[in-house]
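Trainee: Starting off with a structure, shown below.
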Amino acid sequence: TPAPKGGDIVSHAPGTSLRTVRRGEAIFSANGSPVDKTEEGDLVATVCKKQKGNLGGDGKFNNGAAVFDINVGDGRYVNLSNPGTIQHLDQDMKTTAMSQLKILQDQMAGLMAQLGD
């Protein structure tokens with residue numbers, strides 16, 4: 194595809210907005226693969242698209258199943274759905290994971306309290 198003419202013109206896919214990544218955000222492809230690196234302590238959420246053959250245990254389609262990972266440094270992640278991911282972490286990584294989980298827990302408890310009112 195030829196490059197657009199006119200120095201400052203940037204083309205992008207229709208229906209998308211063009212902006213830079215903000216602090217604390219990460220870029221992921223439409224399939225959930227990381228496109229940009231994350232920083233230690235970042236919470237990464239990946240929502241899977243509803244696809245044929247993506248059935249849950251009840252035989253129904255998983256409607257955008259979400260996976261949450263915490264970057265604990267050195268390219269390692271703790272997956273909230275898989276406790277086995279903490280087995281080989283050093284103490285600093287465990288401290289990072291615990292700190293982020295406590296923050297997430299506090300935020301969720303606050304939101305749940307508001308929803309329960």
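Sequential numbering of the sequence shown, starting at 194, is according to our numbering.
Cβ atoms here follow ideal geometry from the backbone N, Cα and C, with glycine treated the same way.
Computed from a predicted model, the values in this text were never measured in an experiment.
With DSSP run on the structure shown, which of helix, strand or coil describes G266?
Mentor: Of the three classes helix, strand and coil, the one that applies to G266 here is strand, per DSSP.
Trainee: Sorted by chain position, which residues of the same chain lie with C-beta nearer than 7 Å to N275's C-beta, five sequence neighbours on each side aside?
Mentor: Excluding positions up to five away in sequence, the list is empty.
Trainee: Please work out which residues of its chain come closer than 6 Å, Cβ to Cβ, to I263, disregarding the five sequence neighbours upstream and downstream, and give them in chain order.
Mentor: Closer than 6 Å at the Cβ level, and outside the excluded window around I263, lie L236, V271, A290 and Q293.
Trainee: State the Cα-Cα distance for the pair A258 and V240, rounded to the nearest angstrom.
Mentor: So the two alpha carbons sit approximately 6 Å from each other.
Trainee: Keeping to the same chain, check which residues put their C-beta closer than 7 Å to that of R269; ignore five residues upstream and five downstream.
Mentor: Around R269: L282 and M286.
Trainee: In whole angstroms, what is the alpha-carbon distance linking A302 and G234?
Mentor: Answer to the nearest angstrom: the Cα atoms are 20 Å apart.
Trainee: According to the neighbour-count rule (16 or more other Cβ atoms, all chains shown, within 10 Å of its Cβ), is T231 buried or exposed?
Mentor: That one is buried.
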